[in-house]
Structure formats: C-alpha cells, structure tokens
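In what follows, a single structure is set out as structure tokens and then discussed.
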Amino acid sequence: MARIVSEISAGRGSMLDSIREKIIREIEAFARFSLSGPGVTRLPFSYENDGTIEYIRERLRSLGKGVYVDELGNVASSSGNVVPADKTYIISHYDSVPEGGKYDGVAGLVFGLILLEMLEGRARDSVEMIAFNCEESSLFGRASIGSKYFFGGGRMPENYPALIGGERSLREMMDIKHYSKLSLAEKPEIEESSRFLEVHIDQSACLYRKGSRLGLVERIAGQRRLRLTFTGETGHSSLADLSARKDSLLPAASAIRAVRELMEKHLISGAVGTVTRVENRPNVMNMIPGETELMVDIRGFSVEALKVYVEELVDICRGESERYSIAFDWSAVSQYDPAVMNGEFSGRYFKQLSESGLNPIVMNSMAWHDIAGTAGIYPSNLLLLPNPSGVSHSPDESMDIDACASLLEFFMAKGVLCASD
0 MARIVSEISA
10 GRGSMLDSIR
20 EKIIREIEAF
30 ARFSLSGPGV
40 TRLPFSYEND
50 GTIEYIRERL
60 RSLGKGVYVD
70 ELGNVASSSG
80 NVVPADKTYI
90 ISHYDSVPEG
100 GKYDGVAGLV
110 FGLILLEMLE
120 GRARDSVEMI
130 AFNCEESSLF
140 GRASIGSKYF
150 FGGGRMPENY
160 PALIGGERSL
170 REMMDIKHYS
180 KLSLAEKPEI
190 EESSRFLEVH
200 IDQSACLYRK
210 GSRLGLVERI
220 AGQRRLRLTF
230 TGETGHSSLA
240 DLSARKDSLL
250 PAASAIRAVR
260 ELMEKHLISG
270 AVGTVTRVEN
280 RPNVMNMIPG
290 ETELMVDIRG
300 FSVEALKVYV
310 EELVDICRGE
320 SERYSIAFDW
330 SAVSQYDPAV
340 MNGEFSGRYF
350 KQLSESGLNP
360 IVMNSMAWHD
370 IAGTAGIYPS
380 NLLLLPNPSG
390 VSHSPDESMD
400 IDACASLLEF
410 FMAKGVLCAS
420 D
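Heads up: the sequence shown at position 128 corresponds to 127 in numbering that gives the first Met the number 0, and the numbers run straight through without jumps.
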C-alpha cells in the first residue's frame with residue numbers, strides 16, 4: 000500500500016513539474032513582446048501589441064480552435080462541437096502598463112492556453128478563451144475599453160485621446176490597425192447561461208501574507224476617475240507681490256494632500272484615492288504655473304462611499320482655489336460601479352476547491368478586472384493567485400507558479416469547469 004501511495008504521489012509530482020514548465024515557458028513567450036527597458040511595456044496598438052495578437056491567434060489555431068479578432072484587437076476562440084449554453088469562457092487581457100510586470104493579465108491567458116492544451120475532445124470544445132485589448136487605463140484613461148466593445152453589440156467606443164506618448168486617438172488607431180483583418184472565424188455566439196472565469200494575480204500581498212494559495216473574489220471595487228483643473232496666470236518667478244501671484248500649483252498641491260487625507264478618513268468604508276497624473280503648465284524653471292491639471296483615481300466597494308469621497312474632494316478644491324484666487328473646474332473621466340460575482344457559481348467553486356485541498360479564501364479586489372463587466376450578465380468568477388512580491392504594475396511583479404500549476408491540475412481533474420455537481 001505504501002508503495003502504491005508513493006507511486007501515485009510521484010506521478011502527481013511529475014505532472015505538476017510538467018505544468019510548471021509549461022507556465023514558465025508561456026509567461027516568457029508573452030514577455031518577449033515588449034519594448035526594451037525595465038519590465039514589460041506592451042501598450043495597445045503598439046508593434047509589441049500586434050505581435051501578441053498574432054501569437055495568441057496562432058496558439059489557439061494550433062489547438063484546433065476557430066479564432067475571431069475584432070477591430071479593437073480582442074481575440075476569441077470558438078469551436079462548433081458544443082452548444083454555446085455549455086461553454087465556459089476563460090478571459091483576461093494582454094495589454095500592459097508602461098514598465099509593468101510579466102504576469103498582470105497574462106497569467107489568465109497562460110492559464111487558459113495551458114488548460115486548452117491539456118484538455119481533449121469534448122472537454123476542450125466546452126472551454127473557450129477571450130483575450131482582451133485595452134484593459135489598462137494608461138493610454139486612454141479608461142479601463143476595459145476592449146471588453147466593453149466586445150460585449151457592446153458593435154457600438155464604437157468614444158474617440159478618446161491618448162494621454163501618453165503623443166499617440167493618435169483611439170478611433171484613429173483602430174482605423175490604422177484594422178485588427179479584424181486577422182480574424183479567421185465569425186464572432187462566437189455567447190448564451191446567457193455560459194460561464195465566465197478570470198484568473199489573475201493578486202495585485203497586493205494579501206494572499207501571500209496569509210499563506211493562502213488562492214483567492215475567490217466576492218466583489219470588485221468601483222471607480223471614479225476625475226480631472227481637476229486649476230487655472231491661474233503665468234508670470235515671472237521673481238514676482239514678490241504675493242497678492243499679484245496666481246499660482247495654479249498651490250491649490251493643486253492642497254488637492255494632492257487632500258486625496259491622501261480623505262483616503263485615510265474613508266478607508267474604513269473601503270475607499271482609496273490616488274493622484275495618478277499631474278500636468279503643470281508651462282512647467283519651466285523661471286515661470287509661475289498658470290494651469291495645473293490632476294487626474295485622480297478613486298476606488299471603493301460602496302457607491303455611496305465613492306459619492307461622498309468625490310463630493311468632499313471637490314469641496315476642498317473649490318475652497319483652496321478661492322483662497323489663492325484661482326479658477327477651478329472638474330469633470331468625471333469615467334465611472335464604474337462595484338461589481339458582485341455570482342453567488343451560486345462562487346459557492347460551487349468554494350466547495351470544490353476546498354475539497355481538493357486548495358482552500359481558497361474569500362476576498363474582495365480593489366483592482367478592476369474585465370470580469371466585472373460580465374458579472375451582471377453571465378455567471379462569473381474571479382480567482383486570484385498569490386503575488387510574493389506584493390507589487391503590481393511594476394517590473395518587480397511576481398506570481399506563485401506552484402499555485403497556478405495546482406489550479407490547472409484541479410481543473411484538469413474536474414474536466415468541465417465547475418458545472419453543476
């Protein structure tokens with residue numbers, strides 16, 4: 000008996016080793032599509048982005064899948080041997096922030112590709128993958144543009160201007176790239192009963208610090224993105240008459256501090272805020288700033304908490320602008336309400352994962368994910384893998400490879416992704 004147990008254990012260890020090797024190989028394959036420099040830089044519509052689309056397309060085609068590519072660069076697999084109602088879709092994104100990590104978004108695509116590779120026959124036909132472009136906000140200031148377009152019935156997104164690199168606007172880039180020319184199949188039909196799963200790294204140290212191998216997400220925080228504009232008057236930096244100075248940077252500096260102080264106040268209700276971008280004009284050594292623009296990213300699990308945070312911040316900005324005789328204006332850049340994952344679907348996951356020994360912890364995600372957009376329409380769930388470094392959107396980003404391998408082994412054993420018991 001001891002010998003049999005030992006042989007089974009050795010066989011399982013060999014399988015996990017093989018899965019680990021596949022994960023590392025795929026992660027590195029994606030990492031090749033990057034600008035030179037620290038970390039991974041794969042912005043939407045870039046040359047590196049183009050290469051990634053073609054890589055995903057060819058990997059899916061090699062697995063016998065039909066491959067659909069839309070104008071925005073979203074890539075979706077399909078197979079006609081299983082009715083759409085029985086499908087499970089593995090989703091994630093392949094674009095990155097500037098100088099980001101190797102795992103953000105890509106972890107989920109690697110998970111999907113390896114799972115498809117290991118499944119056979121009808122089991123493979125019942126699983127599809129969708130790789131989204133433009134999930135990150137870095138280039139256009141809005142999250143999940145790609146997935147919104149994919150599920151939006153063909154409605155064109157707004158023509159957002161690029162915020163970095165002097166790039167063209169979103170629609171201009173769509174027209175230039177014309178990614179749909181890469182499509183090899185029709186857009187897959189998705190039924191309301193189809194299931195959606197996103198696997199992602201934890202973008203904090205939460206799972207790693209708790210010693211847990213897996214997080215089962217219950218809620219995803221909503222977002223309020225704001226543009227705050229302070230307009231004064233440029234002047235010579237030698238101006239000694241303080242009453243004549245209209246320095247736009249002064250109230251902006253107060254606003255930056257206020258974002259932090261409000262976060263400390265509202266953290267108990269699950270809201271955080273960050274000043275993510277500062278534009279100061281004319282921004283030269285010997286001139287008083289005449290216009291300062293801040294971009295603020297506020298996140299939280301309560302619509303009311305988000306509303307209060309925004310109102311209090313705007314009131315502070317108005318007060319500080321009046322104090323320094325500066326004009327103030329603000330606008331909402333984007334707004335996403337919190338998302339709740341499917342409770343019944345989550346319950347099945349929790350039961351089956353716990354029985355397998357993976358012992359997930361139930362948690363919330365402050366980071367936004369594409370699965371938030373499917374949660375209100377389809378049975379959807381988000382699984383997080385530990386990130387030992389505890390940082391994301393950074394070259395130092397990491398992922399627990401063993402945890403990912405164990406999760407793949409679990410889904411291989413199940414055959415079909417947590418269908419009804």
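For every residue, glycine included, the Cβ atom is placed at its ideal position computed from N, Cα and C. Note that the coordinates shown come from a computational prediction; the quantities given were computed from them, not determined experimentally.
What would DSSP say about residue i, mapped onto helix, strand or coil?
{"i": "residue 275", "result": "strand"}
{"i": "residue 300", "result": "coil"}
{"i": "residue 410", "result": "helix"}
{"i": "residue 219", "result": "strand"}
{"i": "residue 0", "result": "Unreliable positioning characterises residue 0 in this predicted model, as indicated by a pLDDT of 45, which lies under 50. A coordinate reading is not provided."}
{"i": "residue 88", "result": "strand"}
{"i": "residue 235", "result": "strand"}
{"i": "residue 376", "result": "coil"}
{"i": "residue 364", "result": "strand"}
{"i": "residue 258", "result": "helix"}
{"i": "residue 72", "result": "coil"}
{"i": "residue 59", "result": "helix"}
{"i": "residue 320", "result": "helix"}
{"i": "residue 313", "result": "helix"}
{"i": "residue 130", "result": "strand"}
So, using beta-carbon positions, are residue i and residue j closer together than 7 Å?
{"i": "residue 25", "j": "residue 126", "result": "no"}
{"i": "residue 286", "j": "residue 233", "result": "yes"}
{"i": "residue 92", "j": "residue 100", "result": "no"}
{"i": "residue 360", "j": "residue 19", "result": "no"}
{"i": "residue 398", "j": "residue 207", "result": "no"}
{"i": "residue 392", "j": "residue 96", "result": "yes"}
{"i": "residue 315", "j": "residue 257", "result": "yes"}
{"i": "residue 150", "j": "residue 73", "result": "no"}
{"i": "residue 187", "j": "residue 75", "result": "yes"}
{"i": "residue 134", "j": "residue 85", "result": "no"}
{"i": "residue 50", "j": "residue 29", "result": "no"}
{"i": "residue 214", "j": "residue 357", "result": "no"}
{"i": "residue 111", "j": "residue 144", "result": "no"}
{"i": "residue 344", "j": "residue 378", "result": "yes"}
{"i": "residue 156", "j": "residue 148", "result": "yes"}
Among the candidates the options, whose CA atom is the shortest distance from the CA of residue i?
{"i": "residue 277", "options": "249, 173, 153 and 40", "result": "249"}
{"i": "residue 386", "options": "33, 43 and 106", "result": "106"}
{"i": "residue 327", "options": "352, 293 and 206", "result": "293"}
{"i": "residue 114", "options": "128, 104 and 200", "result": "128"}
{"i": "residue 16", "options": "395, 404, 316 and 412", "result": "404"}
{"i": "residue 308", "options": "254, 136 and 407", "result": "254"}
{"i": "residue 98", "options": "36, 321 and 407", "result": "36"}
{"i": "residue 304", "options": "279, 272 and 268", "result": "268"}
{"i": "residue 190", "options": "82, 402, 301 and 222", "result": "82"}
{"i": "residue 259", "options": "39, 272 and 152", "result": "272"}
{"i": "residue 219", "options": "212, 202 and 148", "result": "202"}
{"i": "residue 425", "options": "12, 121, 402 and 176", "result": "Since the first residue of the chain shown is 0 and the last is 420, residue 425 is not available in this structure."}
{"i": "residue 342", "options": "119, 61, 200 and 217", "result": "217"}
{"i": "residue 80", "options": "117, 56, 123 and 116", "result": "123"}
Any idea if residue i is buried or exposed, counting beta-carbon neighbours within 10 angstroms, 16 or more meaning buried?
{"i": "residue 319", "result": "buried"}
{"i": "residue 193", "result": "buried"}
{"i": "residue 245", "result": "buried"}
{"i": "residue 284", "result": "exposed"}
{"i": "residue 340", "result": "buried"}
{"i": "residue 209", "result": "exposed"}
{"i": "residue 243", "result": "exposed"}
{"i": "residue 350", "result": "exposed"}
{"i": "residue 290", "result": "buried"}
{"i": "residue 264", "result": "exposed"}
{"i": "residue 380", "result": "buried"}
{"i": "residue 302", "result": "exposed"}
{"i": "residue 154", "result": "exposed"}
{"i": "residue 5", "result": "The predicted position of residue 5 is uncertain, since its pLDDT is 43 and thus under 50; a value taken from the coordinates is nonetheless stated next. With fewer than 16 other Cβ atoms within 10 Å, it is exposed."}
{"i": "residue 306", "result": "exposed"}
{"i": "residue 396", "result": "buried"}
{"i": "residue 412", "result": "exposed"}
{"i": "residue 281", "result": "exposed"}
{"i": "residue 241", "result": "exposed"}
{"i": "residue 7", "result": "Here the model assigns residue 7 a pLDDT of 43, short of 50, so the residue's position is not dependable, and the following value carries that caveat. Residue 7 comes out exposed."}
{"i": "residue 212", "result": "buried"}
Open item on the list: I'd like to know if the stretch 329 to 340 and the stretch 130 to 141 are in contact, where contact means that at least 3 CB-CB pairs between them fall below 8 Å.
Closed with: yes
Task: Touching by the beta-carbon criterion (3+ pairs, under 8 Å), the stretch 168 to 177 and the stretch 42 to 49 - done: yes
TODO: Could you say if the stretch 175 to 184 and the stretch 361 to 373 meet the contact criterion of at least three C-beta pairs nearer than 8 Å?
DONE: no
- [ ] Would you be able to state if there are at least three C-beta pairs under 8 Å between the stretch 66 to 73 and the stretch 190 to 209?
- [x] no
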